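> Mapping to this note's numbering: the sequence shown position 349 is 396, numbers consecutive. Sharing a structure, written as structure tokens. Questions coming.
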Amino acid sequence: SAPSPSPPMVERPATVDDLPWWARGIIYQIYPRSFQDSDGDGVGDLPGILSRLDYLVELGVDAVWLSPIYPSPMADFGYDVSDYTDIHPMFGNMADFDCLLAAAHERGLKLILDFVPNHTSEEHPWFQEARSSRDNPKRDWYIWHDPAPDGGPPNNWLSEFGGSAWEWDEATGQYYYHAFLKQQPDLNWRNPEVVRAMHDVLRFWLDRGVDGFRVDVIWHLIVDDRFRDNPPNLDWRPGMHPHGRFKPIYTADRPEVHDVVAGIRRVIDEYGDRVLIGEIYLPIERLVAYYGTDLSGAHMPFNFQLIDAPWDARHIARLIEEYEAALPEGGWPNWVLGNHDKHRIASRIGRAQARVAAMLLLTLRGTPTMYYGDELGMTDVPIPPERVVDPLEKNVPGIGIGRDPARTPMQWSAGRNAGFSTAERTWLPLADNHAVFNVETESADPSSMLSLYRRLIALRRSEPALIAGSYVAVAAEDDALAYIRQLGDRRLLVVLDLGSRPYGLPLPNGFERGRILLSTHADRTGEPVDGEIVLRADEGVIIEPASGA
Ligand code: NOJ
Ligand code: MG
48 SAPSPSPPMV ERPATVDDLP WWARGIIYQI YPRSFQDSDG DGVGDLPGIL SRLDYLVELG
108 VDAVWLSPIY PSPMADFGYD VSDYTDIHPM FGNMADFDCL LAAAHERGLK LILDFVPNHT
168 SEEHPWFQEA RSSRDNPKRD WYIWHDPAPD GGPPNNWLSE FGGSAWEWDE ATGQYYYHAF
228 LKQQPDLNWR NPEVVRAMHD VLRFWLDRGV DGFRVDVIWH LIVDDRFRDN PPNLDWRPGM
288 HPHGRFKPIY TADRPEVHDV VAGIRRVIDE YGDRVLIGEI YLPIERLVAY YGTDLSGAHM
348 PFNFQLIDAP WDARHIARLI EEYEAALPEG GWPNWVLGNH DKHRIASRIG RAQARVAAML
408 LLTLRGTPTM YYGDELGMTD VPIPPERVVD PLEKNVPGIG IGRDPARTPM QWSAGRNAGF
468 STAERTWLPL ADNHAVFNVE TESADPSSML SLYRRLIALR RSEPALIAGS YVAVAAEDDA
528 LAYIRQLGDR RLLVVLDLGS RPYGLPLPNG FERGRILLST HADRTGEPVD GEIVLRADEG
588 VIIEPASGA
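Okay, here's the thing in structure tokens:
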């Protein structure tokens, strides 16, 4: 067979050491505006993050992914980049960045940046040039089109943030395409100059020493070059997200996108040991295509199945098995429970079940990605109308897709502004309950969510079977989900109660006599089990066979 661009991963790793760092480790997403403010302006910044690195080390995560920190007019809070190779002054400067990177590396932490290649800010000099005239050399760096015969937009493509995806440019008499805000014009990845310029952006940061990228909306990078209308979505109903009116078959997940991803991957592979993660919301069979032919694509196409799935044992068991079955040979799995675009897990399923979800995330096969604050059980914070800042909520109000509630400041202590900032007013309000749910208070309480996360992470780090072991389905019935992780002779059984009633499960072969290693309820460590495990409501346990073998 043809040689693959980088050595394929060992299909059944014999030890954890056979895995690259990003497969062994845990990723922690920081939304920089909300982690720690160091200068009292009410917005988090890089020196703030630096001052909290030891917290992350103590928590036990391995890598930090930062949402965008680049210069930006902040129409979409940094996902509208006006300079790809600098730092927004609100976050600090390049020296602050270098300090943060060095400090992370000193502590053995990896640092992953957010790469936003689908669109720039309208204030990016490239777009300023492109819109200056039709014959500007950068015109074709973006996607322009003449109006339809009636003068309206060229086709029915819709923006994810409401309305048409086409914006009329009066001065040059054409429309430009924007998959998101009109302040975020889409780059034209069919233009080789764009490809070169964006590859150089990656090299700029890789040369500085970053450990990889999370790539924003990587499945959007190419749109149909014939600009065909998207077909109607017959399942769409009024009250749903207006973007769902049409099936985005010509605006996302186009076949040519895989060449673009492979091109980005080749740049990553010029440097050793870096990671390429892609943000992709697609059904499993389409998602796994982003590993690329012969694994020439993303190392990890983000797997958001748990974010969107109903919280139901059979459903989750099925999606785990479908995912496991769909992975290409050598493709490494990953799991995500939350991010800055979705409701927090503790709000979606409640704080009690969020503990079960933590155990699920940290015992499944594949790299876990955590969202800052979820380890505290942070919930969505209701935002009073006058404090809404998310452009998505402003453009598409009232249907519950606003993202401010999940982006509120990290809760460090019971003190003023939860220890996040000394400002009079923080950019988003603090949760009412921050005096209860915060790092300081929870650290002192062995039954807190934070203590649970710390124990789960410590166990995962010390149990190669949880990292490199295979996944063996055991049961999915009513509210119970059970599976085994196995590496060599070491087998661990995970049993989760996804409901609010107690549940008894006969122990599978080899576990008839066992011992509880960890319970979500903090009080059963070391308890022997015999024949059956009885879970309390909202409980999850990890069991080892009595022999310890
Ligand atoms: C996905 C990002 O996660 C989201 O926050 C952003 O608004 C869109 N991409 C547009 O960049
Ligand atoms: Mg600040």
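Idealized CB from N, CA, C, for every residue including glycine. Bear in mind the structure is a predicted one, so any value in this text is a computation, not a measurement.
Determine the direct distance from the alpha carbon of proline 575 to that of proline 109, and round the result to whole angstroms.
Residue identity differs from the one stated: residue 109 is aspartate in this sequence, not proline. Whole-angstrom Cα-Cα distance: 32 Å.
> Would you check if the distance between the CB atom of isoleucine 315 and the CB atom of glycine 385 is smaller than 8 Å?
Their beta carbons are not under 8 Å apart, which means isoleucine 315 does not touch glycine 385 by this criterion.
> When you compare each of Leu66, Ser81, Ile74 to phenylalanine 467 by their alpha carbons, which one comes out closest?
Ser81
> From which residue to which residue does the alpha helix (DSSP H) around glutamate 332 run?
331 to 334
> If you pair each beta-carbon of the stretch 190 to 197 with each one of the stretch 149 to 169, do three or more pairs fall below 8 Å?
no
> Between which two residues does the beta strand (DSSP E) holding glutamine 221 run?
221 to 224
> Under 6 Å Cβ to Cβ from leucine 148, same chain only, skipping five residues before and after it: list those, please.
Here the set comprises Leu158, Gly256.
> Relative to ligand 2, is the shortest distance from any of its heavy atoms to the C-beta of aspartate 525 smaller than 7 Å?
no
> Alpha carbon to alpha carbon, how far is isoleucine 446 from glycine 286? Give it in angstroms, no decimals.
7 Å
> Where in the stretch 401 to 474 do unbroken runs of the alpha helix (DSSP H), each at least 4 residues long, occur, reported from the N-terminal end onward?
438 to 442
> Taking buried to mean at least 16 other C-beta atoms within 10 Å of its own C-beta, is serine 114 buried or exposed?
Counting every other CB atom within 10 Å of its CB across the protein chains shown gives serine 114 a total of 16 or more, marking it as buried.
> Please classify proline 79 as buried or exposed, where buried requires at least 16 neighbouring CB atoms within 10 angstroms.
buried
> Pull up the distance between the alpha-carbon of lysine 389 and that of glycine 449, whole angstroms please.
8 Å
> By the three-class DSSP mapping on this structure, what secondary structure does proline 511 have?
helix
> Beta carbon of aspartate 143: closer than 7 Å to some heavy atom of ligand 2?
no
> Run through DSSP, which three-state label would tyrosine 338 get?
Reduced to three states, the DSSP call for tyrosine 338 is helix.
> I believe tyrosine 370 touches asparagine 350 by the beta-carbon criterion, under 8 Å. Please report the beta-carbon distance rounded to the nearest angstrom.
6 Å
> What did DSSP end up calling isoleucine 589 once you bin it into helix, strand or coil?
It is a strand residue.
> Please write down, chain order preserved, every residue whose beta carbon lies under 5 Å from a heavy atom of ligand 2.
Asp84, Asp86, Asp88, Val90, Asp92
> Please determine whether the Cβ atom of glutamate 326 lies at a distance below 7 Å from any heavy atom of ligand 1.
Yes, since a heavy atom of ligand 1 falls inside the 7 Å radius drawn around the Cβ of glutamate 326.
> Just verifying my parser: in three-state terms, what is the DSSP assignment at serine 48?
No answer about serine 48 holds up, because its pLDDT of 39 lies below 50 and its placement is not dependable.
> How would you write the range of the beta strand (DSSP E) that phenylalanine 174 sits in, first residue to last?
Counting along the chain, phenylalanine 174 falls outside any beta strand (DSSP E), though it belongs to the alpha helix (DSSP H) covering 172 to 177.
> Considering just the uninterrupted stretch of the beta strand (DSSP E) at phenylalanine 349, what are its terminal residues?
Taken as a continuous stretch (DSSP letters only), phenylalanine 349 belongs to no beta strand (DSSP E), as it is neither H nor E.
> Can you list the beta strand (DSSP E) stretches of 3 or more residues lying completely in the stretch 474 to 558, in chain order?
517 to 524, 527 to 534, 537 to 544, 550 to 553
> Excluding the 5 residues flanking aspartate 577 on each side, which residues of the same chain have their C-beta closer than 6 Å to its C-beta?
Arg560
> Run the CB neighbour count on glycine 535, radius 10 Å, all protein chains shown included, and call it buried at 16 or more, exposed below.
exposed
> Per DSSP, what are the beta-bridge partners of aspartate 233 in this structure?
His166
> Let's see if you can read the secondary structure: which residues bound the alpha helix (DSSP H) around isoleucine 392?
392 to 395
> What residues in its chain sit with their C-beta under 7 Å from that of leucine 423, if we drop five residues either side in the sequence?
Gln458, Phe484, Asn485, Val486, Glu489, Met496, Leu497
> To the nearest angstrom, how far is the alpha carbon of alanine 372 from that of proline 348?
15 Å
> Indicate whether tryptophan 236 and tyrosine 222 have their beta-carbon atoms separated by less than 8 Å.
Contact flag unset, no.
> DSSP state of serine 211, grouped into three classes?
Three-state result, serine 211: strand.
> Pairs of beta-carbons, one from the stretch 120 to 131 and one from the stretch 164 to 176, closer than 8 Å: are there three or more?
yes
> By Cβ distance below 7 Å, which residues in the same chain neighbour proline 592 in space, the five residues on each side in sequence not counted?
Once the five neighbours on either side are set aside, the close Cβ partners of proline 592 are Arg538, Gly557, Phe558, Gly561.
> Tell whether a beta-carbon distance below 8 Å holds between phenylalanine 293 and proline 201.
For phenylalanine 293 and proline 201, no; Cβs fall outside 8 Å.
> Of the residues Trp215, Ile190, Phe227, which one's Cα is nearest the Cα of leucine 234?
Ile190
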